[in-house]
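Engineer:
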Amino acid sequence: MRRQREDQRGGGGGGGAASLVRDLSESDLSSLGAEPHVLAFGDVDGLEALAEATYGQVVVGRAPAALAAKYGGKEAPAVAMLPFGAAEKAAKKAVPFAADAAGLDAAKKGALASLPDSLVDKLGQGSPDMFFSAALTQTAAKAACLLFSDKAEVPPIFRSLSMAFEGQMQFGFAPPAMMAQFNIDRAPALLVLWNENEGKDEQDAQAGMKLTGARFMPQVHGKFSYGNIAAFVASVVEQRLQMLGAHAGGAKPAGGEGEGGRGKAAGASKDVGPPPELSAANFEAECTQRGGLCAVALLDGGPDNGNKEAQLAVLAKLRRRGAGGPLSYSWLDATCHTDFVAAFGLGETDLPTMLVLSPGKARWARSVGAFDAETLGAFGNGVAAGRRATESIDAVPALQEVDCASVARGADAVAEDDALGDEIMAEILEEERREREAREAEAAAAA
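Numbering (the numbering used here), first residue to last: 11 to 457.
(1) Just curious, the alpha helix (DSSP H) that N238 is in, first and last residue?
(2) If V243 sits next to F192, beta carbons under 8 Å apart, how far is it from one beta carbon to the other, in whole angstroms?
(3) Tell me whether S159 sits in a helix, a strand or coil according to DSSP, three-state version.
(4) Helix, strand or coil: which one does DSSP assign to C304?
(5) Curious, which full-length beta strand (DSSP E) runs of at least 3 residues does the region 342–396 contain?
(6) Tell me whether A278 is buried or exposed, calling it buried when 16 or more other Cβ atoms sit within 10 Å of its Cβ.
(7) Where does A145 fall in DSSP's three states?
(8) Using the rule of at least 16 other Cβ atoms within 10 Å of the residue's Cβ for burial, across every protein chain shown, is L57 buried or exposed?
(9) Is the region 164–178 close to the region 57–71, with three or more CB pairs under 8 Å?
(10) Is it the case that the Cβ atoms of A187 and D160 are separated by a distance below 8 Å?
(11) Ends of the beta strand (DSSP E) at L34?
(12) Is it right to say G134 is buried, meaning 16 or more other beta carbons lie within 10 angstroms of its own, or is it exposed?
(13) From what residue to what residue does the beta strand (DSSP E) around M91 run?
(14) With a 10 Å radius around its C-beta and 16 neighbouring C-beta atoms as the bar for buried, classify N317 as buried or exposed.
(15) Using the Cα positions of N207 and V366, report the straight-line distance between them to the nearest angstrom.
(16) Just tell me which of A112, Q299, A352, D195 has its CA closest to the CA of S35.
(17) Express the C-alpha separation of K118 and D110 in angstroms, rounding to a whole number.
(18) Could you compute how far the alpha carbon of F181 sits from the alpha carbon of L156?
(19) Hey, how far is the Cα of L328 from the Cα of A145?
(20) Can you tell me whether DSSP reads P336 as helix, strand or coil?
(21) List the endpoints of the continuous alpha helix (DSSP H) containing G120.
(22) Quick check on this structure: which residue in W204, K220, V31, Y339 has the alpha carbon closest to the alpha carbon of F51?
(23) Can you find the residues in the same chain that come closer than 7 Å, C-beta to C-beta, to T149, ignoring five residues on each side of it along the sequence?
(24) How would you call K152, buried or exposed, if buried means at least 16 neighbouring beta carbons within 10 angstroms?
(25) How many angstroms separate the CA atom of G223 from the CA atom of Q229?
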């Protein structure tokens, strides 16, 4: 297999990363989620840059050129914008734009402007006590996320975050006049705050509310982008829920396989089912033809793997957390489908691990580090956002039909290999014996 290392790029950089642009069929267009969409019909330049710039906020997709007229265009190439919530009557609510840089920019602005800010509390110069009272008692993480900004309107990124983490924490938009109350020296600044006395003994609890928290630091967490901020917020939610004895849900970014609206808490309340096990029968449906990126956990599926259930539980958490995002999670019995695993230069000693595949781009990346939700989640999001290096392949290998129940594994496989080796060696020795006897016979005749 031909491999070529791609240069790693900082969030939203140049080309070569896994594509965030969805390939949408006519069937896909009939079942879109509530997210705003920018659709390109035919050959339109600039989609990758648009998808990176609006990751987590707008779905960018390529649609069949023949459908351009249905969505407001005259003929391909054409661009159409679907505002937030237009999925049910997409063709009627589509707004056409020119298929050039100016048209894409106008479609982008329209899509972002359609994001609702109804889940963001706009705080004034007065006391924010009511906001914090609700945030610290009525949300899953019992926390508040504050964005301090000198903008007049709530930025689209913050609107998307409020929908992605609805029910997990409360979101507030604070003016510069409130910065001094929270020791903020410049805007924009993002804080997640909670009550330090929450869950402590009665004496501490009677001391009242004592706010503490974490601040998003660009020099640590990366630039102000949806992917970086969502990862930061998700990590705080995870920590808070662990502290409170709950189980984490997660964010549901736009830009991927949206399967419904964004009006409900993403990931946390949606039953997405267990991650599917890949086989020759479902590989295309679950990966190569699904669109977006395939996050495939490579596990030892044999009966002697005592950690298999725990590993699947990690994958199930990622699947719930990422529902509707650009990654579709599944797993593969890697000690059964050894040819597939070997195509990526991996073997049994590399398990467990995860691959992120981009079938459309013929690129892949492998996780390195612990097999836990935090490590794998950061890895997958990094690939999707273009912050992780990927490698090229000629094509994503196909899965072969294998009866995994009858495959020899571990010591049994070694034993079979040894037996086969003994058989081959016996044949070699027998052939050498015959050749030796023939040479001896020729030498005797010559003498």
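Every residue, glycine too, gets a C-beta built ideally from N, C-alpha and C.
Structural biologist: Checking against the coordinates, here is how it stands:
(1) Looking up residue 238 in the sequence shown gives position 228. Bounds of the alpha helix (DSSP H) holding N238 are 236–254.
(2) Against the sequence shown, residue 243 aligns to sequence position 233. Against the sequence shown, residue 192 aligns to sequence position 182. Not confirmed; about 17 Å, so no contact.
(3) Looking up residue 159 in the sequence shown gives position 149. In the structure shown, S159 sits in coil (DSSP, three-state: anything other than H, G, I, E or B).
(4) Here residue 304 refers to the residue found at position 294 when the sequence shown is read from its first residue. Three-state DSSP puts C304 in a strand.
(5) Qualifying beta strand (DSSP E) stretches, in chain order: 363–368, 373–376.
(6) Residue mapping note: residue 278 aligns to position 268 of the sequence shown, counting from 1. Any reading at A278 needs caution, since the residue's pLDDT is 40, under 50, leaving its predicted position unreliable; the model's value is listed next. It counts as buried.
(7) Taking the first residue of the sequence shown as position 1, residue 145 is located at position 135. A145 falls in the helix class under three-state DSSP.
(8) Counted from its first residue, the sequence shown places residue 57 at position 47. Around the beta carbon of L57, 16 or more other beta carbons sit within 10 angstroms, so the residue counts as buried.
(9) Enough Cβ pairs lie closer than 8 Å, so yes.
(10) To locate residue 187, count along the sequence shown from 1; it is residue 177. To locate residue 160, count along the sequence shown from 1; it is residue 150. In this structure, A187 sits away from D160, with a CB-CB distance that is not shorter than 8 Å.
(11) Within the sequence shown, residue 34 is the residue found at index 24, counting from 1. Secondary structure note for L34: it is in no beta strand (DSSP E), with a DSSP letter that is neither H nor E.
(12) Here residue 134 refers to the residue found at position 124 of the sequence shown. Exposed: under 16 other Cβ atoms inside 10 Å.
(13) As a first step, residue 91 is located in the sequence shown; it is residue number 81 there, counting from the start. Going by DSSP, M91 is part of the beta strand (DSSP E) stretching over 88–92.
(14) Residue 317 sits at position 307 when you count from the first residue of the sequence shown. Exposed: under 16 other Cβ atoms inside 10 Å.
(15) Within the sequence shown, the letter at position 197 stands for residue 207. Within the sequence shown, the letter at position 356 stands for residue 366. Going by the C-alpha atoms only, they are around 41 Å apart.
(16) Here residue 35 corresponds to residue number 25 of the sequence shown, with the count starting at 1. With distances taken between Cα atoms, S35 lies closest to Q299.
(17) One-based indexing of the sequence shown puts residue 110 at position 100. One-based indexing of the sequence shown puts residue 118 at position 108. For D110 and K118, the distance between alpha carbons rounds to 12 Å.
(18) Here residue 181 refers to the residue found at position 171 of the sequence shown. Here residue 156 refers to the residue found at position 146 of the sequence shown. Taking the straight line joining both Cα atoms gives about 6 Å.
(19) Numbered from 1 along the sequence shown, position 318 holds the residue referred to as residue 328. Numbered from 1 along the sequence shown, position 135 holds the residue referred to as residue 145. Their Cα atoms are separated by approximately 26 Å.
(20) Counting from 1 along the sequence shown, the entry for residue 336 is found at position 326. In the three-state DSSP reduction, P336 falls in the coil class, being neither helix nor strand.
(21) In the sequence shown, the residue the question calls residue 120 occupies position 110. Taken as a continuous stretch (DSSP letters only), the alpha helix (DSSP H) holding G120 covers 111–123.
(22) The residue labelled residue 51 in the question sits at position 41 within the sequence shown. Looking from the CA of F51, the closest CA among W204, K220, V31, Y339 belongs to V31.
(23) In the sequence shown, counting from the first residue as 1, residue 149 sits at position 139. If you ignore the 5 residues before and after T149, its C-beta comes within less than 7 Å of the C-beta of G177, Q178, M179, Q180, all in its own chain and listed in chain order.
(24) In the sequence shown, counting from the first residue as 1, residue 152 sits at position 142. Answer is buried; the Cβ neighbour count reaches 16.
(25) Taking the first residue of the sequence shown as 1, we reach residue 223 at position 213. Taking the first residue of the sequence shown as 1, we reach residue 229 at position 219. Straight-line Cα distance between these residues: approximately 18 Å.
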